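Novice:
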Ligand SMILES: Cc1cc2nc3c(=O)[nH]c(=O)nc-3n(C[C@H](O)[C@H](O)[C@H](O)COP(=O)(O)O)c2cc1C
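In the numbering used here, the protein residues as written are 7 to 215.
1) Can you say whether residue 17 is buried or exposed, counting buried as having 16 or more other CB atoms within 10 angstroms of its CB?
2) Using alpha carbons as the reference points, say which of 136, 198, 170 lies closest to residue 67.
3) Could you give the distance in angstroms between the alpha-carbon of residue 19 and the alpha-carbon of residue 11?
4) What residue range is occupied by the uninterrupted beta strand (DSSP E) comprising residue 62?
5) Under 8 Å, with one C-beta from each stretch per pair, do the segment 174 to 188 and the segment 150 to 164 reach the 3-pair mark?
6) Alpha carbon to alpha carbon, how far is residue 126 from residue 53?
7) Any heavy atom of ligand 1 closer than 7 Å to the CB of residue 127?
8) In this structure, how does DSSP classify residue 77 when only helix, strand and coil are distinguished?
9) With contact counted as at least three CB pairs below 8 Å, one residue from each stretch, are the segment 205 to 214 and the segment 140 to 148 in contact?
10) In this structure, does DSSP put residue 182 in helix, strand or coil?
11) Check the DSSP bridge columns for residue 116 and list the partner residues they point to.
12) Say whether chain B places a C-beta atom closer than 8 Å to the C-beta of residue 158.
13) Return yes when the Cβ of residue 117 is within less than 8 Å of the Cβ of residue 70, no when it is not.
14) Would you please state the rounded distance, in angstroms, between the beta carbons of residue 200 and residue 43? I believe it to be under 8 Å.
15) Does DSSP put residue 188 in a helix, in a strand, or in coil?
16) Take residue 114 and list the residues in its own chain whose beta-carbon comes closer than 7 Å to its own, dropping the five residues that flank it on each side.
17) Quick one: residues in its chain with C-beta nearer than 8 Å to the C-beta of residue 163, no 5 flanking neighbours on either side, listed in chain order?
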């Protein structure tokens with residue numbers, strides 16, 4: 007398979023325009039589009055082909071409210087580690103689109119599944135989690151390619167998420183995603199625009215020995 011220059015340039019655009027989105031329009035996401043991007047997420051690599059990703063679309067109002075409450079409690083706790091200007095900057099950040107997002111997607115890793123027969127995960131069992139994260143990145147890019155924004159919410163008590171959604175004991179919470187059409191388009195991360203952090207240069211993270 008060969009990908010030409012135009013494709014490579016568009017792929018770079020996709021990486022550049024993928025953003026963590028927290029501001030959504032109320033426009034619903036078509037069910038077929040959602041299913042298509044989930045199926046593209048499932049093209050991700052996984053240790054021993056274990057395919058440990060499990061997705062729950064959360065539509066129920068009461069369940070969503072419990073997740074929002076979980077986020078609010080945890081976000082309040084998280085804000086307490088900062089002082090002075092950093093604390094007020096933290097409190098000014100919008101760190102989830104849970105209230106507005108048309109789609110809520112909770113994502114889990116299934117542990118101790120027979121799928122893949124344990125190949126590749128004996129020495130580093132955490133590779134099951136890494137596999138799910140590769141699917142999440144696929145989801146992010148597939149959504150973006152369809153004009154849909156995604157935001158990852160990790161400021162949640164994972165045990166409470168599992169309780170709220172009554173998940174099986176061998177499902178480990180990985181992340182909670184908000185999806186929908188973005189209100190704004192940006193080439194730079196929101197945390198850069200807010201003055202929270204800068205994007206690192208390659209020279210700071212790439213080493214040779
Ligand atoms: C594992 C993970 C957890 C994250 N959790 C949150 C979160 O709880 N709230 C939030 O606003 N952004 C969250 N993000 C998004 C990051 O803040 C965002 O990716 C980063 O600021 C860079 O922005 P960009 O994704 O637009 O490039 C998370 C991202 C990752 C990879």
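Ideal Cβ placement from N, Cα and C applies to all residues, glycine included.
It should be emphasised that the depicted structure is a prediction, and the values quoted were computed from it without experimental measurement.
Specialist: On the basis of the supplied data:
1) Exposed, by the Cβ-count rule.
2) Of the candidates 136, 198, 170, the one whose C-alpha sits nearest the C-alpha of residue 67 is 170.
3) When rounded, the distance between both Cα atoms is 12 Å.
4) Residue 62 -> beta strand (DSSP E) spans 59 to 63.
5) Touching, per the Cβ criterion.
6) So the two alpha carbons sit approximately 6 Å from each other.
7) Flag unset: Cβ of residue 127 not near ligand 1.
8) Residue 77 sits in a helix when the DSSP states are folded into three classes.
9) Taking a cut-off of 8 Å on C-beta distances, the segment 205 to 214 does not touch the segment 140 to 148, as fewer than three cross pairs fall below it.
10) In the displayed model, residue 182 falls within a strand according to three-state DSSP.
11) Residue 116 is bridged to 177.
12) Absence of chain B from the displayed structure is noted, only one protein chain being present.
13) The beta carbons of residue 70 and residue 117 sit no closer together than 8 Å.
14) Not really, about 28 Å apart at Cβ, beyond 8 Å.
15) DSSP places residue 188 in strand when its eight states are reduced to three.
16) Only residues of its own chain outside the window of five on either side were considered, and among them 60, 173, 177, 178, 179, 180 have a CB closer than 7 Å to the CB of residue 114, listed in chain order.
17) Cβ contact annotation for residue 163 (same chain, cutoff 8 Å, sequence separation greater than five): 76, 79, 80, in chain order.
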